[in-house]
Amino acid sequence: EVVVFATPVAGVHKVAERPAWVDLGAKKHFNGAISFVHRANPGFLDVHYGASSTTTLLPSGPRFNQLLQYDPTAPDQIVGDLGESWEVSEDGMSYTFHIAEANWQDGVPVTADDIVFSLDRMAQEGVTRGRVTAIRDFYQRGTAKAIDDRTVVMPLKNPSATALGWLAVDYYKIYARHVVESKNQDELNCCFENNIGSGPWVFKEWKKGDSYEYERNADYFKNPIPFYETHKVYIIKDAARRLASLKTGQVQGWLVMGGTTLQDMLQVQKESEGLIRAVSSGAGAVRGFWFNTDEPPFDDPRVRKAVYLTLDRDEIMSITHKGENIVGNFFPPGYVETEADILKLPGFRRGPDGGSLPGDIADAKKLLAEAGLPDGFDITFNVDGSKQSRTEAELIAAQLKDKLNINTDLQVSDRATFYTGLRDGTHNLSTIGTGLYFLEPQTVLVQWYVKDTLRNPHNWEKPRLNELMAAESKELDQVARRELYKEMADILNEGDSHYVVLGWTGRAGAVDYRIQNFKPPYHPHTLWRWDQIWWDPDAKNFGPDAPPIR
5 EVVVFATPVA GVHKVAERPA WVDLGAKKHF NGAISFVHRA NPGFLDVHYG ASSTTTLLPS
65 GPRFNQLLQY DPTAPDQIVG DLGESWEVSE DGMSYTFHIA EANWQDGVPV TADDIVFSLD
125 RMAQEGVTRG RVTAIRDFYQ RGTAKAIDDR TVVMPLKNPS ATALGWLAVD YYKIYARHVV
185 ESKNQDELNC CFENNIGSGP WVFKEWKKGD SYEYERNADY FKNPIPFYET HKVYIIKDAA
245 RRLASLKTGQ VQGWLVMGGT TLQDMLQVQK ESEGLIRAVS SGAGAVRGFW FNTDEPPFDD
305 PRVRKAVYLT LDRDEIMSIT HKGENIVGNF FPPGYVETEA DILKLPGFRR GPDGGSLPGD
365 IADAKKLLAE AGLPDGFDIT FNVDGSKQSR TEAELIAAQL KDKLNINTDL QVSDRATFYT
425 GLRDGTHNLS TIGTGLYFLE PQTVLVQWYV KDTLRNPHNW EKPRLNELMA AESKELDQVA
485 RRELYKEMAD ILNEGDSHYV VLGWTGRAGA VDYRIQNFKP PYHPHTLWRW DQIWWDPDAK
545 NFGPDAPPIR
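Each position in the sequence shown, counted from 1, maps to that position plus 4 in my numbering.
Now the structure itself:
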């Protein structure tokens, strides 16, 4: 699903009527647990700080709400969350949000002051903000005002085509001021008990390396949601064992769409005779790796460009993702450049017999010679422990050795350790896949190319790119926005930035056929609280050959 952004419509956006599916779910309330399997322990638990759906959003997010959310049954539509209704001023320069009557999980009422505090915390500069940095483009910290306990006015820096879309993303959580204000960053990152939300699930326990568990919030302001009593996640690091847990019915779902292929999920569906149903979504994930631009040798843009030019991306992606990969570079496929456009670029061009274009490899060797490294060098590679990341890293290392005599020490770690290494610059290279929020290049810019964000750990920048990003943040016309993105793509396609794109992939997952009311979003970052589903023991099993849920 793709959210199409345009100028927000002025006027009042009223409280939506209670959807019919809420009553259906209430009739199917399940007095038990629905269990999922996941590949990693929780990591940074502060959703404003962390940048991983795997180690931050998925384990920590179910406790919280946003101001807005994507409709779980129509994921391309924005509806109210804590902001049960809102108004857009005639000039598009301010939003007024009316807050639902809700309580924090300690019984204290949610107020407009909490909303203002959370907006200001997300917009704070000079601190790490993993996935919420887009707010800095349209909101000036300190300008939102609580008119009364349930009304907030949020001025904008300028009219924005994407502001409401960002506020609905799952990372844009509203925090309890009376809880968070007294905690430091380490306390909020380390421990579930140091934060609470207003959301559908109340944290119960985390057994490191085994499982974590939530209980239904009986005081949830959207009662009768959620429709089951216990949300449990089993942590299994081994991919084969995760798949086996699905096939045998030990768990009822794959927690996040990712870390697998659609082929694998369809095979699980077949072997389980339809007990488990495959799930698929669009090109919501980019694969690539980071340079540590603060340290030699990759502080030299010539060395970065040499690596960019050398890689046979088709080999890496086709082997790793079993042919499910999508050709693309820095922005979502098809939005700015076509596949044909990209395959003409240096670093993507193919030789007459396949593989990288020999001329690109020759140019790479020339750049290394100019940088004083004609004979190659040794590097360390920080690698996420997922099967995809490990396979990509092994293929990258082999190509760098073969073509440029670069010796690579692969250092594989769990997800939380990986992100610490990326943040702290402990390695020369780092690799992991990254999911986007919606099909709009701004979702790339705010993660990789603004300062003080986890995916730009060394604050790489180019002045002209900064100018274009500033212009894009204010531009409402979709044609003009595309032209700005085209110039940005030209700059990034020079190949000397801090990040190298290998390609793009879709997302795959699986759920038990008895889990109902699940429609996959473009990416889990826009809808992943598991509060809309219910368990229906009388649901129809569509069999082992059913098409995936899309």
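Yeah, the Cβ is synthetic: ideal placement off N, Cα and C, and Gly gets one too.
query, result
"On the criterion of 16 or more Cβ atoms from any shown chain inside 10 Å, does Lys-208 qualify as buried, or is it exposed?", "exposed"
"Quick check: the Cα distance between Lys-407 and Pro-378, rounded to an integer number of angstroms?", "12 angstroms"
"Among Glu-275, Leu-123, Gly-351 and Arg-306, which has the Cα closest to the Cα of Thr-137?", "Leu-123"
"What is the rounded straight-line gap between the Cα of Arg-511 and the Cα of Gln-128?", "32 angstroms"
"Could you tell me the alpha carbon to alpha carbon distance between Asp-223 and Ser-89, rounded to whole angstroms?", "21 angstroms"
"CA-CA distance, Val-311 and Phe-422?", "22 angstroms"
"Using a 10 Å radius around the Cβ and a threshold of 16 neighbouring Cβ atoms, would you call Asp-214 buried or exposed?", "exposed"
"Could you round the C-beta distance between Trp-170 and Tyr-176 to whole angstroms and report it? I think they count as a contact, below 8 angstroms.", "6 angstroms"
"Can you check which of these residues, Gln-451, Asn-521 and Gly-513, is closest to His-502 by C-alpha distance?", "Gln-451"
"Go ahead and pull the three-state DSSP assignment for Tyr-517.", "coil"
"Going by the beta-carbon positions, is the gap between Arg-43 and Thr-58 smaller than 8 angstroms?", "yes"
"Please classify Arg-468: is it buried, with 16 or more other beta-carbons within 10 angstroms of its beta-carbon, or exposed?", "exposed"
"Let me make sure I understand the geometry here. Which of Arg-485, Thr-435, Gln-273 and Lys-161 has the alpha-carbon closest to that of Ser-393?", "Thr-435"
"Assuming Ile-38 and Asp-110 make a contact with CB atoms under 8 angstroms, what is their CB distance in whole Å?", "Not a contact, Cβ separation roughly 26 angstroms."
"Give the DSSP-derived three-state secondary structure of Ser-249 in the structure shown.", "helix"
"In angstroms with no decimal places, state the Cα-to-Cα distance between Lys-326 and Lys-544.", "31 angstroms"
"According to the neighbour-count rule (16 or more other Cβ atoms, all chains shown, within 10 Å of its Cβ), is Phe-546 buried or exposed?", "exposed"
"Once DSSP output is grouped into helix, strand and coil, what is the label at Phe-142?", "helix"
"How is the beta strand (DSSP E) around His-42 delimited, first residue to last?", "34–42"
"For Glu-398, would you say it is in contact with chain B, using Cβ-to-Cβ distances shorter than 8 angstroms as the test?", "The chain labelled as chain B is not found in the depicted structure, where only one protein chain is given."
"Please state the DSSP three-state secondary structure of Gln-109.", "coil"
"Less than 8 angstroms between the CB atoms is what I'm expecting for Lys-233 and Glu-217, so what's the real figure, rounded?", "Residue identity check: residue 233 is Glu in the sequence provided, not Lys. Between Glu-217 and Glu-233 the Cβ distance is about 11 angstroms, and since that is not below 8 angstroms, they are no contact."
"Should Leu-496 be counted as a contact of the ligand FMN given a C-beta to heavy atom distance under 7 angstroms?", "Of ligands this structure carries none, so the ligand FMN is not represented either."
"Mind checking who His-235 pairs with in its DSSP beta bridge?", "Ile-38 and Tyr-218"
"Would Phe-334 and Val-454 be called neighbours here (beta carbons separated by less than 8 angstroms)?", "no"
"Can you pull the DSSP bridge partners for Met-158?", "Tyr-99"
"Are the segment 278–298 and the segment 515–524 touching, with three or more C-beta to C-beta distances below 8 angstroms?", "yes"
"In the DSSP assignment, find the alpha helix (DSSP H) that holds Val-272 and state where it starts and stops.", "266–275"
"Keeping to the same chain, check which residues put their C-beta closer than 7 angstroms to that of Gly-363; ignore five residues upstream and five downstream.", "none"
"Helix, strand or coil for Gly-15, going by three-state DSSP, please let me know.", "strand"
"Let's test the definition: count the other Cβ atoms within 10 Å of the Cβ of Glu-5 and tell me whether it reaches 16, buried, or not, exposed.", "Here Glu-5 scores only 33 on pLDDT, less than 50, and its place in the model should not be relied on; the value that follows carries that caveat. Buried."
"Tell me which same chain residues have a C-beta within less than 7 angstroms of the C-beta of Val-183, skipping the five on either side of it?", "Asn-199 and Ile-200"
"From Pro-228 to Gly-203, what does the alpha carbon distance come to, in whole angstroms?", "13 angstroms"
"Note down, in chain order, each residue of its chain lying with its Cβ closer than 8 angstroms to the Cβ of Asn-386, except the 5 sequence neighbours on either side.", "Gln-415, Ser-417, Phe-422, Gly-425, Leu-426, Thr-430, His-431, Leu-433, Ser-434 and Thr-435"
"Starting from the Cα of Leu-315, find the closest Cα among Tyr-99, Arg-125, Ile-365 and Gln-256 and give me that residue.", "Ile-365"
"Cutting at 7 angstroms between CB atoms, please list the residues of its own chain near Met-261, excluding the five before and the five after it.", "Val-283, Ser-285, Arg-511, Ala-512, Gly-513, Pro-524 and Pro-528"
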